[in-house]
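Under this note's numbering, the first residue of the sequence shown carries the number 86, and numbering increases by one thereafter.
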Amino acid sequence: MRYLILLISFLCLNRSGQCQSADSVYNLQQCIDIAITNNLTVKRSELDMERSRVYWQQQRAALLPTFNGVVNHGLSTGRGLDPFTNTYLNQQIASADYGVNANLILFNGLSVQNSIRQTALAYQAGKMDFEQAKNDITLNVITTYLQVINNTDLLTQANNQLEVSRQQVQRLQVMNTNGAVKPSDFYDVKGQQGTDQLTVINAKNALDASKLNLLQIMNVPYTRSITLQRLDAAQVSSTKFNKSAEQIYTTAIQNLPLVKAATLRRQSAEKQVKVAKGNMLPVLALSGGLATRYSNAARKSIFVDSMEVNTGAFIKTAGGNQPVYAYNQNFSSDKIGYFNQFKNNYNTQVNLGLQIPILNGFVSRNRVALAKIDLQETRYVEETTRIQLKQNVEQAYINMASAYERFQVLTEQVDAFKESFRTAEIRFNAGALTSVDYIVAKNNLDRANNNLINARYDYYIRTKILDYYQGKLNL
């Protein structure tokens with residue numbers, strides 16, 4: 086029973102946490118952090134950066150000497166050559182070879198050094214690509230976040246419009262029942278209430294769609310109840326942008342990761358050309374090694390004794406035939422021990438080699454040609470990046486200036502329509518204005534308010550795009 090109560094409590098707490106998460110209020114920075122964490126494009130860019138870092142470390146390690154150990158064990162049967170006596174034996178032979186060797190490149194046309202510089206620049210370019218990917222998703226989140234707030238304001242405005250119509254319908258319904266107003270005026274305003282209800286429905290749909298878009302960018306499950314923290318009035322600035330397009334472009338060239346990445350890749354390609362040229366030069370290398378071996382067929386002779394024996398030959402002398410004696414030495418055969426062979430067969434070697442490329446199917450020459458082609462391509466990419474950036478900045482600046490002018494005009498228009506509707510409402514309530522004229526005045530103000538909300542956030546988004554190009558994307 087105790088475990089059942091604990092399980093139920095855990096499930097309740099878990100459900101409460103889920104509900105709290107679903108209904109929680111997200112601020113802009115949280116949305117940006119979640120999007121960067123979950124975005125697969127950003128993750129792939131980070132993997133590319135890490136891959137470049139590994140290549141760079143690999144080239145740095147190429148300056149170190151190579152050091153390898155060799156262990157070979159073999160078993161042969163039948164007639165074979167004994168590696169120790171160079172004689173053929175018809176028996177089973179177990180043998181082993183041990184050794185270590187090292188190799189150090191002393192000179193190879195500075196190819197390794199240039200490869201280190203080339204991969205280091207490529208790694209820095211990968212870092213810039215990673216930053217660019219994060220900046221892109223950040224800008225996307227900011228614009229979508231502002232679109233959600235924009236649609237929230239439009240929904241609030243639509244509800245306000247509906248409330249004005251509802252109050253008029255309630256007032257006119259009483260008057261229509263008492264015969265104090267023309268039925269056409271009552272039904273005109275009631276029809277306007279239906280129009281305002283449709284506006285609210287459309288505003289809700291637009292808000293839900295913008296929320297869905299934001300959550301998809303964040304790569305999190307959709308929840309309709311998500312709430313975004315509103316920006317302060319000071320954050321949504323409507324002051325005039327005070328920089329020129331040329332100033333923005335100059336700053337973008339210096340700060341934008343996209344431009345830095347293109348420049349670094351061009352510099353990396355320049356080093357790659359030097360690497361390819363270095364491969365056409367001679368290679369001077371120092372190598373050395375230690376080795377020893379073992380065989381179970383290796384044997385040694387051990388002296389046992391010696392004795393004088395008659396050979397059967399004789400020497401004729403004046404005194405007669407003298408027999409010839411000789412010393413006969415007796416030896417026994419024994420296996421040489423493992424560690425004794427290890428010590429006796431020990432040998433060392435040191436080599437200084439020079440490899441001069443003479444003809445290798447023009448491989449090195451073609452690699453140089455391909456590296457130069459790659460270099461020229463990176464130059465084109467760098468120049469194209471700068472041209473496209475300038476064009477994008479100029480277009481974004483024009484859009485910003487146009488959005489600011491629209492915002493200024495709509496601000497004045499709202500002020501004018503507010504006064505027009507105020508007087509129209511007074512006259513309509515006094516019975517001095519027809520319902521048609523009242524609805525026209527109301528629609529003019531409603532439309533102007535909606536346009537002003539869109540213009541305010543549109544201008545602010547345009548300024549954020551220019552901030553993005555300046556490398557200072559924040560609120």
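Don't be surprised by glycine CBs; every beta carbon is placed ideally from N, CA and C.
Please state the DSSP three-state secondary structure of residue i.
i: ASN415; result: strand
i: GLN476; result: helix
i: LYS557; result: coil
i: VAL197; result: helix
i: THR348; result: helix
i: ASP543; result: helix
i: LEU240; result: helix
i: VAL448; result: helix
i: PHE399; result: strand
i: GLN246; result: helix
i: GLY154; result: strand
i: LEU149; result: coil
i: MET365; result: coil
When you compare each of the options to residue i by their alpha carbons, which one comes out closest?
i: LEU349; options: TYR379, TYR482, ARG464 and ILE190; result: ARG464
i: LYS128; options: PHE447, GLU216 and LEU149; result: GLU216
i: TYR199; options: TRP141, SER250, TYR489 and LEU292; result: A small fix is needed here, since residue 199 is Asn in this sequence, not Tyr. Taking only the C-alpha atoms, the option nearest ASN199 is TRP141.
i: ILE333; options: LYS475, SER295 and VAL525; result: LYS475
i: MET392; options: TYR410, LYS457, TYR307 and LYS527; result: TYR410
i: THR122; options: GLY194, SER161, ASP293 and ILE222; result: ILE222
i: TYR230; options: LYS219, GLN301, ASP270 and GLU248; result: GLN301
i: LEU572; options: GLN258, GLN473 and GLN440; result: Given that the chain is displayed from residue 86 to residue 560, the structure contains no residue 572 and the question cannot be resolved.
i: ARG138; options: ILE201, VAL394 and LEU444; result: ILE201
i: TYR272; options: ASN153, THR284 and GLN253; result: GLN253
i: PRO442; options: VAL259, ARG136 and ASN193; result: ASN193
Have a look at residue i and residue j and give me their C-alpha separation to the nearest angstrom.
i: THR377; j: GLU131; result: 49 Å
i: LYS267; j: ALA533; result: 29 Å
i: ILE286; j: LEU341; result: 42 Å
i: MET213; j: LEU206; result: 11 Å
i: GLN232; j: ILE338; result: 29 Å
i: ARG491; j: ASN261; result: 42 Å
i: LEU299; j: LEU313; result: 11 Å
i: LEU189; j: TYR379; result: 29 Å
i: TYR545; j: TYR111; result: 20 Å
i: ALA370; j: ALA147; result: 13 Å
i: VAL368; j: LEU437; result: 11 Å
i: TYR489; j: LEU537; result: 11 Å
i: SER449; j: GLN461; result: 19 Å
i: LEU149; j: ASP118; result: 41 Å
i: GLU510; j: SER109; result: 41 Å
i: SER106; j: CYS116; result: Confidence at SER106 is low in this model, with a pLDDT of 46, below 50, so the placement of that residue is unreliable and no value is reported for it.
i: THR280; j: SER520; result: 15 Å
i: VAL156; j: LEU125; result: 47 Å
i: ARG507; j: LYS527; result: 9 Å
i: ALA265; j: SER250; result: 19 Å
i: ARG541; j: GLU497; result: 13 Å
i: ARG384; j: SER417; result: 10 Å
i: ASN290; j: TYR307; result: 14 Å
i: LEU283; j: VAL499; result: 22 Å
i: SER487; j: ARG547; result: 10 Å
i: GLY516; j: LEU257; result: 11 Å
i: LEU224; j: GLU248; result: 36 Å
i: GLN426; j: PHE399; result: 45 Å
Hey, could you find the ends of the alpha helix (DSSP H) residue i is sitting in?
i: ASN290; result: 268 to 303
i: LEU125; result: 125 to 146
i: THR519; result: Here THR519 belongs to no alpha helix (DSSP H), and DSSP marks it neither H nor E.
i: TYR307; result: Element bounds for TYR307: n/a, residue is neither H nor E.
i: THR324; result: Segment: none, THR324 is in no alpha helix (DSSP H) and carries neither H nor E.
i: ALA337; result: 330 to 340
Output the boundary residues of the beta strand (DSSP E) element that contains residue i.
i: ARG164; result: 164 to 166
i: VAL185; result: 178 to 192
i: GLY438; result: 432 to 440
i: PHE424; result: Where PHE424 is concerned, there is no enclosing beta strand (DSSP E), although the alpha helix (DSSP H) it sits in stretches over 423 to 429.
i: ASN175; result: 173 to 175
Just to confirm before moving on: does the CB-CB distance between residue i and residue j stay below 9 Å?
i: GLN144; j: GLN203; result: yes
i: VAL274; j: TYR523; result: yes
i: ASP531; j: GLN246; result: yes
i: SER196; j: ASN364; result: yes
i: ALA347; j: VAL466; result: yes
i: THR336; j: GLN555; result: yes
i: ASN484; j: SER505; result: no
i: ASN175; j: GLY159; result: no
i: ALA187; j: THR151; result: yes
i: ALA361; j: VAL226; result: no
i: LEU240; j: LEU316; result: no
i: ALA481; j: LEU558; result: no
i: SER295; j: ASN235; result: yes
i: ALA456; j: ALA354; result: yes
i: TYR423; j: LEU375; result: no
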